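Q: The following block contains the structure, expressed as structure tokens.
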Amino acid sequence: MEQLKRMAIFAMVVERGSMVAAAEVLGMTPSAVSQQIRRLEDGTQVSLLHRTTRKLTLTEAGAAFYQSCARVLALAQEAEQRLAELRDAPVGELRIAAPVGFAGAPICAALAPLLQAHGGLSLQLFFHDEPIDLVEQRIDLAIRAGSQPDSSLVARHIGDSRMLLCAAPSYLARRAPIGRPAELIGLDWLTLNTDARFNTLSLQGPAGEQEKLRIESRVGCNNILAVRQFTLAGMGVSLQPAHEVREELAAGRLRDVLPGWRLPPLGIYLVTPRRDAQPAKVRYALEALRQHLLRD
262 MEQLKRMAIF AMVVERGSMV AAAEVLGMTP SAVSQQIRRL EDGTQVSLLH
312 RTTRKLTLTE AGAAFYQSCA RVLALAQEAE QRLAELRDAP VGELRIAAPV
362 GFAGAPICAA LAPLLQAHGG LSLQLFFHDE PIDLVEQRID LAIRAGSQPD
412 SSLVARHIGD SRMLLCAAPS YLARRAPIGR PAELIGLDWL TLNTDARFNT
462 LSLQGPAGEQ EKLRIESRVG CNNILAVRQF TLAGMGVSLQ PAHEVREELA
512 AGRLRDVLPG WRLPPLGIYL VTPRRDAQPA KVRYALEALR QHLLRD
């Protein structure tokens, strides 16, 4: 690394025409610049510069060596410029992971304007209901639901999704009316089997009373959309995020089974592998998603 530094100093001396001028650009003293050039010559065992009281001229070896040093300096400047671009403007490939239920209008509404405004930005989306390793999969940003375990990841809470007990009218027509949590026992449960929380229900009643009961799944899926399709088909009862089933509820394709009772809200988080030195593409995406996700 020291040799690369000396090569860059040598290239700057040649470009500026003197050690004094190079020192001003590099923020060094002329004597420090002279010392680095001397060490470079000692290391290569070749004289690179003819020094006179008036000027510096390149030796034949120095002229040839300068071409390589100039390329090194140009590459270093290009790398620095690239880092500045990544820091200051959203460019490059943005990799986002999210639960399957988010593969719809809100994420498109958040990210499409970002892509339209910044032509140097590309996007790769990965939808999984199972958690994935962000570092191993090179994920810049993940949307995650539910409480987040303590880890090296940085989770930003952006809001809560209300959870509803949902069933199709055709299923409810075949069952006795349901008015209290105890009447949920024995129903056909359709669950997301990637989350153990859905094996136990905690409900709060209109008067503040608390009920907790364990449910047994008849159909388990690793994908919330599959759970929803079985629910719409009249196969049983499932927990659904309210913001994802608004249309089905409004159209009467699904019903809230216990509208007077509330389930604990599901926290929604934006998760990144680290907090500091986020590139611009991640900062812009964080803000766009924060503004659009869970919007009523």
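Convert by adding 261 to the 1-based position in the sequence shown; the result is the number in the working numbering.
Note that CB positions come from ideal geometry on N, CA and C, so glycine has one too.
Bear in mind that the values here come from a model prediction, so they are computed numbers and not experimental data.
1. I'd like to confirm the pairing. Which residues does DSSP put opposite Ala359 in its beta bridges?
2. In chain order, what residues of the same chain have a beta carbon less than 6 Å from the beta carbon of Thr533, not counting five sequence neighbours either side?
3. Go through its chain and collect everything with a Cβ distance to Arg516's Cβ below 8 Å, but skip five positions before and after it.
4. Please state the DSSP three-state secondary structure of Ala487.
5. Does the beta-carbon of Asp303 have 16 or more other beta-carbons within 10 angstroms, so that it is buried, or is it exposed?
6. Near Gly323, which residues of its chain fall below 6 Å by C-beta distance, leaving aside the five closest residues on each side in sequence?
7. How many Å lie between Ala487 and Val506 at the Cα?
8. Rounded to whole angstroms, what is the Cα-Cα separation between Phe387 and Met273?
9. In the DSSP assignment, find the alpha helix (DSSP H) that holds His553 and state where it starts and stops.
10. On the three-pair Cβ rule with 8 Å, is the segment 489-508 touching the segment 374-390?
11. Measure the C-alpha to C-alpha separation of Ala340 and His418 and round it to an integer number of angstroms.
12. Give the DSSP-derived three-state secondary structure of Glu339 in the structure shown.
13. Provide the residue span of the alpha helix (DSSP H) that contains Lys316, from first to last.
14. Which residue marks the beginning of the alpha helix (DSSP H) containing Arg475, and which one marks its end?
15. Do Leu334 and Ala226 come within 9 Å of each other at the CB atom, strictly closer than that value?
16. Which ranges would you report for the beta strand (DSSP E) in the segment 391-434 if only whole runs of at least 3 residues count?
17. How do the segment 443-452 and the segment 478-485 stand: do at least 3 beta-carbon pairs fall below 8 Å, yes or no?
18. Tyr530 and Ile404: beta carbons closer than 9 Å?
19. Applying the criterion that 16 or more other CB atoms from any shown protein chain within 10 Å of the CB defines a buried residue, is Arg489 buried or exposed?
20. Considering only C-alpha positions, which residue in the set Arg535, Leu527, Leu462 is nearest to Pro360?
21. In its own chain, which residues sit with a C-beta less than 8 Å from the C-beta of Leu375, not counting the 5 before and 5 after it?
22. Tell me which same chain residues have a C-beta within less than 8 Å of the C-beta of Gly521, skipping the five on either side of it?
23. Among all the DSSP beta bridges, which residues are the ones paired with Ser383?
24. For Leu519, tell me which candidate among Gly362, Ile393, Glu472 has the shortest Cα-Cα distance.
25. Can you tell me whether DSSP reads Leu515 as helix, strand or coil?
26. For the beta strand (DSSP E) containing Val532, list its first residue and its last residue.
27. In the DSSP assignment, find the alpha helix (DSSP H) that holds Gly304 and state where it starts and stops.
28. Excluding sequence positions up to five away, which residues of its chain have a Cβ less than 8 Å from the Cβ of Gln398?
29. Along the alpha helix (DSSP H) that carries Pro374, what are the first and last residues, could you check?
30. Suppose contacts are defined by Cβ-Cβ distances below 9 Å. Is Asp390 in contact with Asn460 by that definition?
A: From the atom records:
1. The residue given as residue 359 occupies position 98 in the sequence shown. Residue pairing of Ala359 in beta bridges, as defined by DSSP: Phe388.
2. Looking up residue 533 in the sequence shown gives position 272. Counting only Cβ-Cβ distances below 6 Å, and skipping sequence neighbours, we find Leu402, Val415.
3. As a position in the sequence shown, residue 516 is number 255, starting the count at 1. Scanning its chain for C-beta atoms nearer than 8 Å, with the 5 sequence neighbours on each side dropped, one finds around Arg516 the residues Cys427, Ala428, Ala429, Pro430, Leu433, Leu510, in chain order.
4. Looking up residue 487 in the sequence shown gives position 226. Ala487: helix per DSSP, three-state reduction.
5. Counting from one through the sequence shown, the residue named residue 303 turns up at place 42. Asp303 is exposed by the Cβ-count criterion.
6. The sequence position of residue 323 within the sequence shown is 62, counting from 1. Excluding residues up to 5 positions away in sequence, Leu309, Leu310 lie with their Cβ nearer than 6 Å to the Cβ of Gly323 in the same chain.
7. In the sequence shown, residue 487 corresponds to position 226, counting from 1. In the sequence shown, residue 506 corresponds to position 245, counting from 1. Using only the alpha carbons, I get a separation of about 13 Å.
8. Within the sequence shown, numbered from 1, the residue matching residue 387 stands at position 126. Within the sequence shown, numbered from 1, the residue matching residue 273 stands at position 12. Taken atom to atom, the span from the alpha-carbon of Phe387 to that of Met273 is near 46 Å.
9. Taking the sequence shown and counting its residues from 1, one reaches residue 553 at position 292. 541-553 is the extent of the alpha helix (DSSP H) around His553.
10. Contact fails: fewer than three Cβ-Cβ distances are below 8 Å.
11. Residue numbering aside, residue 340 sits at position 79 when the sequence shown is read from its first letter. Residue numbering aside, residue 418 sits at position 157 when the sequence shown is read from its first letter. If you take the alpha carbons of Ala340 and His418, they lie about 35 Å apart.
12. Translated into positions along the sequence shown, residue 339 becomes position 78. Glu339 falls in the helix class under three-state DSSP.
13. One-based indexing of the sequence shown puts residue 316 at position 55. DSSP places Lys316 in no alpha helix (DSSP H); its state is neither H nor E.
14. Walking along the sequence shown from the start, residue 475 turns up at place 214. Run containing Arg475: none in the alpha helix (DSSP H); it sits in the beta strand (DSSP E), 471-475.
15. Coverage of the chain is limited to positions 262 through 557, which leaves residue 226 absent and any answer about it impossible.
16. Runs found: 402-406, 415-422, 424-428.
17. With a cut-off of 8 Å on Cβ pairs, the segment 443-452 is in contact with the segment 478-485, counting three or more such pairs.
18. Position 269 of the sequence shown, counting from 1, holds the residue named residue 530. Position 143 of the sequence shown, counting from 1, holds the residue named residue 404. Contact flag set, yes.
19. Taking the sequence shown and counting its residues from 1, one reaches residue 489 at position 228. With 16 or more Cβ atoms within 10 Å of its Cβ, Arg489 is classed as buried.
20. In the sequence shown, residue 360 corresponds to position 99, counting from 1. Checked all of Arg535, Leu527, Leu462; the closest Cα to Pro360 is Leu527.
21. On the sequence shown, position 114 is the one that residue 375 refers to. Result list for Leu375: Pro351, Leu382, Tyr545, Ala546, Ala549, in chain order.
22. Indexing the sequence shown from 1 puts residue 521 at position 260. The answer, listed in chain order, is Gly466, Pro467.
23. Here residue 383 corresponds to residue number 122 of the sequence shown, with the count starting at 1. According to DSSP, Ser383 bridges with Glu354.
24. The count along the sequence shown starts at 1 and reaches residue 519 at position 258. The residue with the shortest Cα to Cα distance from Leu519 is Glu472.
25. Your numbering for residue 515 matches position 254 in the sequence shown. Leu515 falls in the coil class under three-state DSSP.
26. Walking along the sequence shown from the start, residue 532 turns up at place 271. Taken as a continuous stretch (DSSP letters only), the beta strand (DSSP E) holding Val532 covers 527-533.
27. The residue given as residue 304 occupies position 43 in the sequence shown. 291-305 is the span of the alpha helix (DSSP H), which, as asked, contains Gly304.
28. The sequence position of residue 398 within the sequence shown is 137, counting from 1. Taken in chain order, the residues that qualify are Arg356, Ala358, Phe387.
29. On the sequence shown, position 113 is the one that residue 374 refers to. 366-378 is the span of the alpha helix (DSSP H), which, as asked, contains Pro374.
30. Your numbering for residue 390 matches position 129 in the sequence shown. Your numbering for residue 460 matches position 199 in the sequence shown. No. Outside cutoff.
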